[in-house]
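Heads up, the thing below is written out as C-alpha cells.
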Amino acid sequence: MILVNGVETDYIKADDRGLLYGDGIFETIAIKDSKPRLLEMHFERLKESATKLSIQGFDIDNLTKDIDLIVSKSGYCDAVVRITITRGVGERGYASLSLEANVVVSISPFPEYIYEKRNSGIDAIFATIFLNKDSYLSGIKHLNRLTQVLVANEAANKGVDEALVLSEEGCVIEGSKSNVFFVFDDIVKTPKIEDYGVAGIMRRRIFDVAKDAGYRVIEANITLDDLLDVKEVFVTNSVIGIWPVATLNGREFSQFSCAEKFLKLLAEDMA
1 MILVNGVETD YIKADDRGLL YGDGIFETIA IKDSKPRLLE MHFERLKESA TKLSIQGFDI
61 DNLTKDIDLI VSKSGYCDAV VRITITRGVG ERGYASLSLE ANVVVSISPF PEYIYEKRNS
121 GIDAIFATIF LNKDSYLSGI KHLNRLTQVL VANEAANKGV DEALVLSEEG CVIEGSKSNV
181 FFVFDDIVKT PKIEDYGVAG IMRRRIFDVA KDAGYRVIEA NITLDDLLDV KEVFVTNSVI
241 GIWPVATLNG REFSQFSCAE KFLKLLAEDM A
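Residues 1 to 271, numbered by my numbering, are exactly what the sequence shown covers, in order.
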C-alpha cells in the first residue's frame, strides 16, 4: 500500500525531482504492535535534513496521520514504513527551490529473517568500493544512494548479509544499510561520520544507553589495523535493530555478549 500526499495511489509524476535528481530525503521506520518505534527521532532527523536541503511544503501532523492510516489499513501488526519526501515537480534544470514537496508513505510486512539474524549473527565483508567524502551531505538520508546500492549488490553477490565500507583514507565508515560498532573489552568504538555516512537513529540510541550496558562508546577513526584486537562486532539500523556479526571477511566471532546487552536495553525501540 502506498500513499502519495495522503491519497492511496502508486502514481507520481515522471518529472518529479526525486526521480530526476535524487532530490529528496527518506526515513525508514519499524512498526511493532501497530505502533511506530522512535517516531519523534525520525521526525527530528527528517526536519533537520529538509532544512539543510531547503525542502519545503510538508507537514509533520499530516505525516503522522498518513502513518496511522497506512498501518491501520494494511492490517500489519509488525511492519516497515518508509517516508519519502521529494522537492516536488519544477522546471527543467538543477536549481528549483520554492516548490511544494511530494510526500510518499509506503508499508511492507516486517521481514522474519531480521529476528533470526539477531540471534544467529550475520556474515559480513569489507566492500571493494570506497566512500567519497561529502561533508555537506554527511548524516542526511538523502535519495542519492548509488554507492550503497553497489555495496549491497556486492554483498548479495558474495552471499553475505552486509558489507562494510571504507573511506578513501582507509577508515571504516559504515555498512551498506547500517552503522557499525567494534567492541574492545569495555570500550565500544564506532566510526566518525563527520564527512561520510548516515547518522543512524539506532546508533544514537546506543550512545544513550551505553552507561546502562556497562560500556563506554566513543567515535573514532578506525582502520583495518585497529581491528586486530577487536573482540566483537555488531551493526545497527532502525529496522534491523542490532545484528551481531558472526564472521567478518572470514574471521569468526564467537561472542555476542555486548550486542545482547544492547538488544535487551533497546528492545522497546525495535520491531
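Just so it is clear, CB atoms sit at the ideal spot from N, CA and C, and this is done for glycine as well.
From a predicted model like this one, the values you see are computed outputs, not experimental measurements.
- If you look at F126, you'll find it in the beta strand (DSSP E) that goes 122-131.
- CA-CA distance, I122 to A155, rounds to 12 Å.
- Counted as a single uninterrupted DSSP element, the alpha helix (DSSP H) harbouring E154 occupies residues 146-157.
- In terms of Cβ geometry, A152 and P191 do not form a close pair [threshold 9 Å].
- For the pair I114 and I240, the CB atoms are nearer than the 9 Å cut-off.
- In terms of CA proximity to D15, A101 leads the group A246, A101, D226, K133.
- The beta carbon of S108 is closer than 7 Å to those of A79, V80 in its chain, skipping five residues each way along the sequence.
- Scanning F181, S135, N237 for the CA closest to the CA of C258 turns up F181.
- Assignment of D61 by DSSP, reduced to helix, strand and coil, places it in the helix class.
- In this chain, the beta strand (DSSP E) harbouring V104 covers 102-109.
- In the three-state reduction of the DSSP assignment, V172 falls in the strand class, which pools E and B.
- Distance between G175 and M1, taken at the CA atoms: about 28 Å.
- Membership of T9 in any beta strand (DSSP E) is not indicated, and neither H nor E is assigned to it by DSSP.
- When only Cα atoms are considered, K73 and L227 end up about 47 Å apart.
- Secondary structure at V230: coil, using DSSP grouped into helix, strand and coil.
- Counting every other CB atom within 10 Å of its CB across the protein chains shown gives Y196 a total of 16 or more, marking it as buried.
- Bounds of any beta strand (DSSP E) do not take in R37, whose DSSP letter is neither H nor E.
- Pairing G24 with I70 gives a Cβ-Cβ distance that is not under 9 Å.
- Its Cα nearest to that of A127, the residue N249 stands out among N249, L266, K261, S96.
- In the three-state reduction of the DSSP assignment, I70 falls in the helix class, which pools H, G and I.
- N144 has its alpha-carbon roughly 12 Å from the corresponding atom of D134.
- Residue pairing by DSSP places R82 opposite T28, S106 in a beta bridge.
- By the criterion of a C-beta distance shorter than 8 Å, A210 is surrounded in its chain by V188, R216, V217, once the five residues flanking it on both sides are discounted.
- Close CB contacts of F58 within its chain, under the 6 Å cut and outside five residues either way in sequence, are with I85, A101, V103 (chain order).
- Nearest to G88 by C-alpha distance, out of K177, G18, L224, D185, is G18.
- Relative to the Cα of L3, the nearest Cα in the group K264, E268, I67, S178 belongs to I67.
- Between the alpha carbons of V105 and D229 lies a distance of about 44 Å.
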